[in-house]
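Novice: Shown below is the structure under consideration.
There are 2 protein chains.
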Amino acid sequence: MINVGMIGFGVVGSGTAKILLGNKNILRERLGFDINLKRIAVRDIKSDRGVKVPDGVLTTDVNLIFDDPDIHIVVELIGGIRPAKDFILKAIQHGKHIVTANKALLATEGAEIFNSALRAGIEVGFEASVAGAIPIIKVIKESLIANRIKAIYGIINGTSNFILTKMTEQNVEFSDALKEAQSLGYAEADPTLDIEGIDTAHKLTILSNLAYGIPFSFNDIYIEGISNISTQDIEFALELGYKVKLLAIAKETDGEVELRVHPTMIPKDHLIAKVDGPFNAIYVDGDATGSTLYYGRGAGSTPTGSAVVSDIADIARNLQKNAVGRVPIIPRISRNTRIKKIKDIVSRYYLRFSALDKPGVLSNISGVLGSHNISIKSVIQKGHRIGEAVPLVLLSHDAKELDMRKAIGEIDRLPVVMGKTVFIRVEGREES
Amino acid sequence: MINVGMIGFGVVGSGTAKILLGNKNILRERLGFDINLKRIAVRDIKSDRGVKVPDGVLTTDVNLIFDDPDIHIVVELIGGIRPAKDFILKAIQHGKHIVTANKALLATEGAEIFNSALRAGIEVGFEASVAGAIPIIKVIKESLIANRIKAIYGIINGTSNFILTKMTEQNVEFSDALKEAQSLGYAEADPTLDIEGIDTAHKLTILSNLAYGIPFSFNDIYIEGISNISTQDIEFALELGYKVKLLAIAKETDGEVELRVHPTMIPKDHLIAKVDGPFNAIYVDGDATGSTLYYGRGAGSTPTGSAVVSDIADIARNLQKNAVGRVPIIPRISRNTRIKKIKDIVSRYYLRFSALDKPGVLSNISGVLGSHNISIKSVIQKGHRIGEAVPLVLLSHDAKELDMRKAIGEIDRLPVVMGKTVFIRVEGREES
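Chains as they are written, first to last, in our numbering: chain A, 208 to 639; chain B, 208 to 639.
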């Protein structure tokens, strides 16, 4: 029997408890031994979380977990940096193995936690930290072990995906879609982490670490959120055959890795463009596998709890077989993989200019683009009101980001251009 | 260092060799030790398989693998029942761990092989036996361990999916689509195993064993292939909002498990309906996770090789840590899960009658259906040629298969009905 102590009893904690208690028999059949939820430490032991735990399991004293020699695995589900980090480090000092869903903590303080665990011969499971029910951590660490990972594209923030889906399907503006997400519990009162791409970048930090051995690099990720996306751009995108999604992108090009989070136009018929609402999906292109995709609920009580329990089971199996450290927490890669600067990436771009409707304007704009080595793939010009500003939409061929930014800077100073140019990067070429 | 001996050097064998040799450094970084492809036994050592193996690795004498005390893992990639089975049993007797991609063998002789391995304390990896690059075996055994599996829907035969996609997108009949699949290498000269659903049922046998602990039950699976599907039915399906796919279905209902393989209509906007061409996908609904989906190439040299190498790596990790048997080959479930007979299933149905175009026909037919407790959801009547046979298409609500078969038997004897009624089962209700 393996004993588990859990810290935190919120949404994910109650899902985890529900599974450990409700599916106890299934787990025993598959594992060959019992997982026992021995203790749950939580500030308020009175609230009803919709799951009945046996008497004596709940406590307000977290030290009952650290000090219990029978507890093998500590599950941290309180989130945030402090005191989560202190609890995890303390559990490691007490020889407890760790399971956590805390992406913000791992993305920013993961190096210290993992090093401390490594020195102490402790396992750290973090399947639940990225994409909820989707087993992407294990897939990258184990199932795709044979592959050089060429690219990862992830829809890994359900809040943003819900909002963009709403804007696309019902033509409502960002602020209204956000309000609905908040009223449905898909977005928090302060939605910044989700809508500004920070949560997505936390998860990308973890994935890129596994795929490329890049040390935790949250600060090196280029991040743009979705709060500036308008339904006008979503409509033009649809007309051009694309959907707008907030993507986490990791891509190996020329021996460097691109790490970026931004709204991205993807071909409508690409499978990942069809991932809607609060669902998550991660597309992984391996040199051996080619295209693969993993889809499921990215958040929620039992979906995330399922990932937590899979980590508990994995560590428990190692404990039963005396095989701790069987799979390294993160790959030990010695080579120094450089992260490409955003100005150096090459992408296609969607551009929306607000230009006066008069002869020669397109030639002015395309002239500036041409002088920066940017060529145009297609043009949409909407409306016709001589002397007034109308949207002019272009899709470029591959261009360097730095060239694009210089060109847009020049274009925005042209007298015929009336507002700031909007640009959205475009990904995905042929097969899905 | 872990030494591997491989038997067979065809499509999957050459992909496996390519990965073990070409991605040797990546594997070492991730594993912390080397995997060495020591020996490949193959009948013909002269042919060029597009991968350069070191001198002395190739041999025509398979006993050089069994008799080599340094070889830890034997990879069987020759397919078919004999001599594959003898080789695997012999390798087990010699204390070698097994990796195989042989779904036909496991589905029909798996019980003997797994029991023999279990008695000898031998690992058997079979990730490559179902859905190529998609890590569905490990996902069900490990990542979804917390879940009672409510349903599995799999598109797990690339040949059939290629043919149905071709028929749907280009409106070509089955026989022409099959010819194209053969000319592209997606179908074999004798395509029976693929198009008649047998290969799909082999894989379903393996999946249901893992998900429900059902002993190998290939003979209990209800199987219908795609050779009777016409473009006419595909078009009517599209008109009704559905695509036709060959699905493997495992579903727990009322404490029994349904296991069936047949052409199935699925809502067009369901993610699995969008899996086209030679790709595979498996949808798994767990009680904790809800909907999840796994997508990738179901066949091919390096995609399947990637799965083979992931098994080699898994077993190698167990060997390094002395943790053989860490994850049971199949779950040891004692309870007796009954397999539901096809006549007892409940489904919705698409029905196409060939009926005389005259007043009262619909009332005749719906009268028979009603007398068998079958109610109608929608009707399409195409063409109008009084006195001639025209197609009459119905979608039913939920009905019992036995009732449906009785009703169709009666309807086919009505004087106004001119040919045999076509029926296709319909799955998938709400969310994707």
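Each residue gets a CB set at the ideal place from its N, CA and C atoms; glycine is no exception. Model, not experiment: these values are computed from the prediction.
Output, in chain order, the set of chain D residues within a Cβ distance shorter than 9 Å of L234(A).
Specialist: Absent here is chain D; the protein component of the structure consists of chains A and B.
Novice: Any C-beta of chain B sitting closer than 7 Å to the C-beta of L500(A)?
Specialist: It does: the Cβ of L500(A) has a partner Cβ on chain B nearer than 7 Å.
Novice: Going by DSSP in three states, G448(A) sits in which element: helix, strand or coil?
Specialist: DSSP places G448(A) in coil when its eight states are reduced to three.
Novice: Do T511(B) and A388(B) count as a contact pair if the criterion is CB distance below 7 Å?
Specialist: Cβ atoms of A388(B) and T511(B): not closer than 7 Å.
Novice: Who are the near neighbours of I272(A) in its chain, counting only those whose CB is closer than 7 Å to its CB and skipping five residues on each side?
Specialist: Result list for I272(A): G212, I214, R246, A248, I278 and V281, in chain order.
Novice: Please state if the CB of Y556(B) and the CB of M625(B) are separated by a distance shorter than 7 Å.
Specialist: Not closer than 7 Å, so no.
Novice: Looking at C-alpha atoms only, which residue of S585(B), Y393(B) and L313(B) is the closest neighbour of H604(B)?
Specialist: H604(B) has its Cα closest to that of S585(B), out of S585(B), Y393(B) and L313(B).
Novice: Along the chain, where does the alpha helix (DSSP H) containing T511(B) start, and where does it finish?
Specialist: S508 to Q527 is the extent of the alpha helix (DSSP H) around T511(B).
Novice: Apply the 10 Å Cβ neighbour rule to R256(B) and answer buried if 16 or more other Cβ atoms are within range, or exposed otherwise.
Specialist: Buried, since its Cβ has 16 or more Cβ neighbours within 10 Å.
Novice: Does any CB atom of chain B fall closer than 7 Å to the CB of G635(A)?
Specialist: Output row for G635(A): interface = no.
Novice: Could you tell me whether the Cβ of K528(A) comes closer than 7 Å to any Cβ of chain B?
Specialist: Yes, because at least one Cβ of chain B sits closer than 7 Å to the Cβ of K528(A).
Novice: Check whether the stretch 402 to 410 of chain B and the stretch 428 to 436 of chain B are in contact - that is, three or more C-beta pairs closer than 8 Å.
Specialist: Yes, since at least three Cβ pairs between the stretch 402 to 410 of chain B and the stretch 428 to 436 of chain B fall closer than 8 Å, the two stretches touch.
Novice: Secondary structure at M213(B), three-state DSSP: helix, strand or coil?
Specialist: Strand at M213(B).
Novice: Measuring only the C-alpha atoms, how far is G263(A) from D518(A)?
Specialist: Cα to Cα, the separation comes out at about 25 Å.
Novice: Which class does H203(B) belong to by DSSP, given the choice of helix, strand or coil?
Specialist: Outside the displayed span of chain B (208 to 639) sits residue 203(B), for which this structure offers no information.
Novice: Just how far apart, CA to CA, sit E637(B) and P474(B)?
Specialist: Because E637(B) carries a pLDDT of 38, less than 50, the predicted location of this residue cannot be relied on, and the following value inherits that uncertainty. Between E637(B) and P474(B), the C-alpha separation is close to 9 Å.
Novice: Sorted by chain position, which residues of the same chain lie with C-beta nearer than 7 Å to N354(B)'s C-beta, five sequence neighbours on each side aside?
Specialist: Taken in chain order, the residues that qualify are G493, D494, A495 and T496.
Novice: For F630(B), report the span of its beta strand (DSSP E) as first-last.
Specialist: From DSSP, the beta strand (DSSP E) with F630(B) extends over V629 to V633.
Novice: Can you name, in chain order, every residue of its own chain whose Cβ lies under 7 Å from the Cβ of I295(B), other than the five neighbours on each side?
Specialist: Excluding sequence neighbours, I295(B) sits near E283, I305, T307 and I320.
Novice: Identify the contact partners of G239(A) in chain B, using a Cβ-Cβ distance below 8 Å as the criterion.
Specialist: Result: P535 and R539.
Novice: Along chain A, which residues have their Cβ under 7 Å away from the Cβ of N580(B)?
Specialist: In chain order: nothing, as chain A lies at least about 35 Å away.
Novice: Based on DSSP bridge pairs, tell me the residues matched to T223(A).
Specialist: Paired residues: none, contrary to the question.
Novice: Just the Cα atoms here: how many angstroms apart are I465(B) and E459(B)?
Specialist: It is worth fixing the name first, because residue 465(B) is Glu in this sequence and not Ile. Roughly 6 Å between the two C-alpha positions.
Novice: Using a Cβ cut-off of 9 Å, which residues of the stretch 300 to 324 of chain B contact any Cβ in chain A, in chain order?
Specialist: Hits within the stretch: zero.
Novice: So what's T496(B) in DSSP terms, helix, strand or just coil?
Specialist: DSSP places T496(B) in coil when its eight states are reduced to three.
Novice: By DSSP, does I353(B) sit in helix, in strand, or in coil?
Specialist: Note on identity: in this sequence residue 353(B) is Ala, with Ile being the wrong assignment. Coil at A353(B), not helix or strand.
Novice: Along the chain, where does the beta strand (DSSP E) containing R555(A) start, and where does it finish?
Specialist: It spans V553 to L563 - the beta strand (DSSP E) in which R555(A) sits, taken as one unbroken run.
Novice: Closer than 8 Å by beta-carbon distance: list the chain A residues that pair up with K197(B), in chain order.
Specialist: Residue 197(B) falls outside the range modelled here, since chain B spans only 208 to 639, and no answer is possible.
Novice: Give the residues of chain A in contact with I226(B), contact being defined as C-beta atoms less than 7 Å apart.
Specialist: By Cβ distance, chain A contributes A353 and A495.
Novice: Between the stretch 355 to 375 of chain B and the stretch 482 to 492 of chain B, are three or more C-beta pairs nearer than 8 Å?
Specialist: Judged by Cβ distances under 8 Å, the stretch 355 to 375 of chain B makes contact with the stretch 482 to 492 of chain B, as three or more pairs qualify.
Novice: Strictly by DSSP, which residues pair up with G641(A)?
Specialist: With chain A covering only 208 through 639, there is no way to say anything about residue 641(A).
Novice: With respect to 6 Å, is the separation between the Cβ of N529(B) and the closest non-hydrogen atom of the ligand PLP below this value?
Specialist: Looking at this structure, you won't find the ligand PLP or any other ligand, since it has none at all.
Novice: Anything in chain A within Cβ reach of K481(B), meaning under 9 Å, just list it in chain order.
Specialist: Neighbours of K481(B) on chain A, chain order: D476, L478, K481 and S639.
Novice: When DSSP builds the beta bridges, which residues end up paired with N243(A)?
Specialist: DSSP, once it has assigned bridges, lists N210(A) as partnering N243(A).
Novice: Would the stretch 533 to 542 of chain A count as touching the stretch 414 to 429 of chain A if we require 3 or more Cβ pairs under 8 Å?
Specialist: Yes: at least three Cβ pairs fall under 8 Å.
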